[in-house]
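First to last, the protein sequences are chains H and S. Residue numbering for the first sequence follows numbering that gives the first Met the number 0, beginning at 0 and increasing consecutively. Residue numbering for the second sequence follows numbering that gives the first Met the number 0, beginning at 0 and increasing consecutively. I have placed the structure first, in the form of structure tokens, so that the comments after it can refer back to it.
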Amino acid sequence: MTAVQGRRMQETERISAGPGPGRGPLGGGMVGQRSIDFGPSARRVVGRLRPERARVLAVVALCVVSVGLSVLGPRLLGRATDLIFSGLFSRRLPAGTTPEQAVEAARAAGDDDRAGLLAQLDLVPGQGVDTGAVGRVLLLALAVYLAASVFAWLQAFLLNDAVQRTVFRLREEVAAKLHRLPLAYTDSQPRGELLSRVTNDIDNLSSTLQQTLSQLLTSLLTVLGVVGMMLWISPLLAVVALVTVPLTVLVSGLVMKRSQGLFVDQWRTTGRLNAHVEEAFTGHALTKVFGRRRQVEQVFDGENEQLFRASFGAQFVSGLIMPVATFLGNLSYVAIAVLGGVRVATGAMSLGEVQAFIQYSRQFSQPLTQVASMVNLLQSGVASAERVFELLDAAEEPPEGRAALPAAGARGEVVFDDVSFRYEPDVPLIEGLSLVARPGQTVAIVGPTGAGKTTLVNLVLRFYDVDAGRIMLDGVDIAALRRSDLRGRIGMVLQDTWLFGGTIRDNIAYGRPAASEDEVLAAARATFVDRFVHALPDGYDTVLDEDGSGLSAGERQLVTLARAFLSDPALLILDEATSSVDTRTELLVQQAMSALRSDRTSFVIAHRLSTVRDADLILVMAAGRIVEQGRHEDLLARGGAYAELHEAQFAAPVV
Amino acid sequence: MLVRLLQRSLRPYARPLLAVVALQLVGTVAVLYLPSLNADIIDEGVARADTAYVLRTGLVMLGVSLLQVVCTVAAVWFGARTAMSVGRDLRGQLFTHVGSFSAREVAGFGAPSLITRTTNDVQQVQMLVLTSCTMLVAAPIMMVGGVLMAVREDLGLSWLLAVSVPALCLAVGLVVSRMVPGFRRMQVRIDEVNRVLREQISGVRVVRAFAREEHETARFGVANAELTAVAVTVGRWMALMFPTVLLILNVSSVAVLWFGGQRVDQGLMQVGALTAFLAYLLQILMAVMMATFMLVLVPRASVCADRIVEVLDTASSVVPPRQPVRAFAGPVGVELRDVELTHPGASDPVLRDVSLVVRPGQTVAIVGSTGAGKTTLLDLVPRLFDVTGGAVLVGGVDVRELDPDVLHRALGLVPQRAFLFSGTVASNLRYGRQDATDDELWEALEIAQAREFVAALPEGLDAPVTQGGTNLSGGQRQRLAIARAVVRRPAVYLFDDAFSALDLATDARLRAALRPVTRSSAVLVVAQRVSSILDADAILVLDGGAVVGRGTHDELLASCATYQEIVASQLTVQEVA
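In structure tokens form, the structure reads like this:
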């Protein structure tokens with residue numbers, strides 16, 4: 000039982016307030032899209048890359064070189080175009096004349112534009128295109144492009160390794176952290192929430208890092224380089240091209256803002272629809288038998304229609320970014336073509352320069368839109384990082400003690416000495432509790448829900464530490480022990496039948512991986528696991544999936560019993576361990592367990608009094624205190640709390 | 000499967016789809032026309048130094064750009080609408096279809112899987128349709144159009160297209176073909192890592208109690224290292240993608256200028272045409288690249304489509320009758336006649352030769368070990384399963400012939416897991432009878448021993464209930480579930496181990512309060528505790544799917560060994576006597 004449940008039970012007969020969002024498997028992960036503290040968190044993400052410092056520096060250097068080279072390319076191609084264009088004009092001029100004569104001739108003909116154009120060209124009258132020169136320029140371009148690609152590849156290669164290793168380390172850190180968190184932490188938040196942090200959020204962060212780091216760097220550098228080149232070629236045209244930039248940013252900003260709201264709508268309706276589907280499918284039988292299928296379908300149709308509207312809106316509006324950006328790009332393309340054309344015609348600029356310019360303006364609007372679209376991704380990535388960091392920053396369990404337990408042979412004497420404990424500081428739970436369980440004794444703890452029975456288990460296993468007093472195992476204060484030493488002496492079976500995804504054999508052997516096949520089988524036989532295992536297709540090799548489907552709740556509980564059985568502990572704790580097993584099977588199991596219990600101490604917490612009847616000591620708890628203790632007969636005879644409980648349990652009219 | 004699913008679900012949207020294609024066609028043609036106009040500017044305007052021509056053509060280019068943006072926006076509108084409609088329709092179909100499933104199909108798929116299929120999987124298919132409509136449709140048009148325009152500009156250079164387009168296809172295809180299986184492997188590894196983490200979180204107590212933290216850390220380490228290895232490999236292929244594409248594009252441009260330059264020199268081609276050719280080549284290659292990238296979506300969507308079709312193609316094993324009987328043939332009791340139930344594929348039947356009769360006013364209890372088939376037996380009455388042999392009769396009519404509405408109206412089911420729906424206490428209580436008055440609800444709560452705690456809630460009947468009733472304790476849930484059935488005042492009560500979370504005192508009070516209400520009803524009870532069925536008119540002892548004992552408590556105590564064991568496990572001898 001978790002503390003949350005425990006607390007809930009304390010406040011018996013009270014519903015916690017507020018409907019709260021669906022916390023189903025689909026409800027998590029979508030909350031907290033907006034990050035609270037973008038700057039510091041983003042810096043911390045970057046800081047995670049520190050062990051990869053050398054690689055990251057190399058990546059940046061390679062990126063600069065590669066972007067620089069690819070920005071140079073169009074300029075070279077433009078130069079080739081110019082050579083070709085000049086060659087074209089040169090061929091038309093009579094050989095033996097000078098370029099100046101050609102310009103003069105044009106001017107004399109009253110064609111000033113043509114004169115300007117010719118003056119700008121590198122003319123060798125009579126000659127055709129200078130193939131050698133063109134070839135040299137193009138070879139250079141080829142080399143530049145080749146180098147740019149190789150560097151870009153190296154850069155991406157190194158960055159990939161760096162990011163993957165960083166994410167690997169982060170995962171490992173988070174996983175290790177899980178084992179160091181106090182249970183108070185894991186119990187205090189919904190399971191789905193914690194899960195979402197260690198799975199969805201890390202996945203999201205990982206893909207964000209991978210997608211944005213390289214693109215962001217390349218895009219920004221490209222923009223810088225391209226703007227530089229444009230200014231170099233023609234400041235006037237550069238201004239024209241840059242005019243569309245604020246326009247693009249403005250428009251995509253507007254679209255993005257609008258679509259963000261719509262996306263929130265879309266996620267909200269998606270969440271609602273998912274919750275409804277989840278509920279309808281989980282409650283399938285009830286819906287059917289209570290004749291509610293039609294209503295459920297009506298509600299679904301309504302939600303479905305709303306989701307359609309919301310997602311259509313979101314997809315349409317966000318889908319506008321591309322065409323609008325293309326349009327604005329085209330606008331600057333047209334402007335450059337026209338203005339450039341006029342300037343070439345008047346000789347203010349060369350054709351190759353315009354051609355290069357057009358290529359630059361294309362190269363330049365694309366990374367801008369990319370950066371804009373990355374903002375969303377970045378935001379969600381940093382939000383995820385924050386949630387992961389929160390987990391990593393959570394306070395850990397207090398440090399381990401160093402005391403040693405007496406060597407095996409001592410069989411688990413447990414002493415509670417004036418123990419007090421509260422989950423919440425202002426809600427008293429266990430106050431000044433003392434008890435002694437002698438080696439080999441079976442101690443049963445009974446009492447109404449919320450009396451603190453499970454809390455005792457939490458304290459003995461040091462899932463929680465006592466606030467005052469102490470608990471001793473074989474004469475040693477458990478707070479002074481290494482937790483693993485303490486727990487190594489204890490076998491535990493809980494109501495919550497946790498099995499991991501693996502074979503039945505592995506699950507039984509979980510408590511003692513070194514156990515031999517015979518020992519596993521013996522444990523299985525003793526706990527009646529053997530009986531149903533043979534009905535399974537693969538016997539002990541049957542792989543249980545995550546939710547253990549394929550086994551009934553009772554069968555799962557038997558497997559957990561076998562697991563505790565095999566671990567052969569000095570102290571055995573059974574917390575409602577047989578509540579899902581039918582009573583007849585339970586009786587059989589109890590016979591097995593009593594053999595197991597014979598030479599070791601055991602704590603048995605049970606709802607059914609029939610299961611605790613033959614305990615050596617029965618503790619009756621109420622409101623965190625032991626109100627009665629003794630053996631079954633004595634307690635019955637006393638006519639106190641135990642007798643009352645017993646009365647209530649067996650109050651049925653006996654025929 | 001994907002193709003079939005798309006064919007089926009796109010059929011109603013033929014018109015908007017045609018509109019998308021037409022609009023994308025016009026838009027793409029407009030895009031393609033721009034370089035050609037630019038070529039005119041150079042060849043007709045610049046080369047002749049005709050500024051006026053340059054300006055005129057510029058205006059035309061502006062108009063073409065406007066046309067292009069209008070067409071694309073409209074295409075996005077139709078595309079988004081169609082894709083989202085397809086998603087909505089698929090979700091609706093799945094939901095309705097799952098509604099028709101019997102408990103067997105729901106259990107077969109598992110509720111979580113059905114949920115994922117209805118939500119996430121549909122979303123994937125929907126995204127594929129969307130990207131197809133907005134980008135994928137444009138790519139082939141761009142390719143064909145680009146080739147045509149390029150050839151029109153200069154036939155002599157078109158052999159370059161024949162080299163560079165296949166080269167790009169090959170290169171991108173090669174990288175993608177390495178990446179797609181890589182992505183699939185990566186997803187498997189991610190699932191594995193997440194599974195381990197999920198287990199460690201949910202099993203935190205067990206892990207710590209058995210001091211297996213190191214083992215778990217190692218287990219996670221292996222999963223993490225495997226994931227990272229795959230991710231690194233996939234990432235390296237991905238790292239190759241962009242530089243390769245870029246290289247092919249750039250080398251092609253250089254080639255165009257080299258070979259085109261020679262043709263210009265020979266007077267076979269104009270400079271403007273050369274520039275235009277260059278622009279077209281780049282556009283074609285971009286289209287190829289876009290198409291290949293989009294195709295990466297297909298395998299994933301295809302897996303999702305398979306999963307969707309699998310659900311849609313599964314027929315319910317419980318089929319409503321073709322000519323339903325709308326009225327009962329006699330007093331509304333329950334009868335099982337030689338019932339046998341074998342799950343498909345299973346060698347042993349879950350139930351065999353089970354017969355029982357519950358007349359109105361009678362209470363029949365079913366006891367037996369875990370896995371004896373008790374719940375299955377109960378589920379046969381509301382037709383959550385159908386028998387494979389024998390028959391189940393309610394009110395004298397085979398349930399397979401009864402109108403489901405008529406059948407269900409007669410039943411009040413309290414399932415083993417007390418499932419509540421999100422809403423309020425009142426909405427849950429009215430789940431089976433919406434016109435119940437508040438007084439009737441309170442009465443039912445009184446009977447279910449839940450009046451006290453509901454009355455103590457600040458909002459009373461209107462107190463919120465979260466999904467699954469997670470804000471209530473197990474005992475509270477169970478009592479509300481009982482009250483929910485009582486509100487219906489059904490002719491037949493089906494209690495499936497419905498008192499297990501109650502302490503025995505409450506259990507006893509509840510049963511006492513139920514007695515007058517169920518006086519004229521047939522009651523079928525599955526129970527663990529013998530104490531709660533001592534007063535049943537008949538008790539059926541199930542073991543391994545067969546009836547091993549039948550009679551009253553006393554009779555069984557005298558005659559049935561299994562029953563004796565069950566009783567002995569729960570009561571002391573003197574209490575039984």
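Every residue, glycine too, gets a C-beta built ideally from N, C-alpha and C. Fair warning: this is a prediction, and the values are worked out from it, not measured in the lab.
In terms of beta-carbon proximity, residue 505 of chain H stays away from the interface with chain S, with every pair separated by 7 Å or more. Rounded to whole angstroms, residue 139 of chain S and residue 301 of chain S show a C-alpha spacing of 21 Å. When C-beta distances to chain H are compared with 8 Å, the residues of the region 208–223 of chain S below that value are 208, 209, 210, 211, 212, 214, 215, 216, 219, 220 and 223, in chain order. Apart from the 5 residues on each side of it in sequence, residue 506 of chain H sits with its Cβ closer than 8 Å to the Cβ of 498, 499, 543, 558 and 562 in its chain, given in chain order. By the neighbour-count criterion, in which 16 or more other beta carbons inside 10 Å mark a residue as buried, residue 319 of chain S falls on the exposed side. Non-local C-beta neighbours of residue 192 of chain S in its own chain, meaning closer than 8 Å and more than five positions away in sequence, comprise 219, 222, 223 and 226, ordered along the chain. Judged by their CB atoms, residue 555 of chain S and residue 544 of chain S are not nearer to each other than the 7 Å cut-off. At least one beta carbon of chain S lies nearer than 7 Å to the beta carbon of residue 155 of chain H. Interface with chain H (7 Å Cβ-Cβ cutoff): residue 264 of chain S is included. In the three-state reduction of the DSSP assignment, residue 390 of chain S falls in the strand class, which pools E and B. Under the 10 Å beta carbon count, residue 238 of chain H is surrounded by fewer than 16 other beta carbons and is classified as exposed. Residue state for residue 364 of chain H is assigned as helix, using DSSP reduced to three classes. Chain H has a Cβ within less than 7 Å of the Cβ of residue 57 of chain S. Partner residues in the beta bridge of residue 333 of chain S, as assigned by DSSP, are S/357 and S/393.
With three or more CB-CB distances shorter than 8 Å, the region 261–275 of chain S counts as touching the region 36–44 of chain S.
Using a CB distance cut-off of 7 Å, residue 96 of chain S does not count as an interface residue toward chain H.
If you draw a straight line from the Cα of residue 73 of chain H to the Cα of residue 394 of chain H, it comes to about 56 Å. Put simply, the backbone Cα of residue 564 of chain S is about 12 Å away from that of residue 528 of chain S. In the DSSP assignment, residue 406 of chain S falls outside any beta strand (DSSP E) and within the unbroken alpha helix (DSSP H) covering 403–408. Residue 439 of chain H places its beta carbon less than 7 Å from that of residue 598 of chain H.
Around residue 60 of chain S, the beta-carbon contacts reaching into chain H at under 9 Å are 329, 332, 333, 336 and 337. Contact of residue 315 of chain H with chain S is assigned, a C-beta pair being separated by under 7 Å. Residue 78 of chain S counts as buried, since at least 16 other C-beta atoms from the protein chains shown sit within 10 angstroms of its C-beta. For the options H/356, H/353, H/364 and H/280, the alpha carbon positioned closest to that of residue 321 of chain H is the one of H/364.
With respect to residue 442 of chain S, residue 324 of chain S sits apart: the two C-beta atoms are not nearer than 7 Å.
Secondary structure at residue 264 of chain H: helix, using DSSP grouped into helix, strand and coil. According to the DSSP assignment, residue 431 of chain H belongs to the beta strand (DSSP E) that extends over 429–436. The contact set of residue 193 of chain S on chain H, defined by CB atoms closer than 7 Å, consists of 198 in chain order. For the set S/28, S/513, S/3 and S/519, the Cα lying nearest the Cα of residue 359 of chain S is the one of S/519.
DSSP links residue 551 of chain S through a beta bridge to no other residue. Within 10 angstroms of the beta-carbon of residue 322 of chain S lie fewer than 16 other beta-carbons, which makes it exposed. Excluding residues up to 5 positions away in sequence, 206 lie with their Cβ nearer than 7 Å to the Cβ of residue 212 of chain S in the same chain. When 7 Å is used as the limit between beta carbons, residue 259 of chain H is near no residue of chain S, the shortest such separation being about 17 Å. For the 7 Å CB-CB criterion, residue 460 of chain S and residue 424 of chain S form a contact. The residue from H/424, H/106, H/402 and H/206 with its alpha-carbon nearest to that of residue 473 of chain H is H/402.
At a beta-carbon threshold of 7 Å, the residues of chain H lying near residue 430 of chain S are 289 and 291, ordered along the chain.
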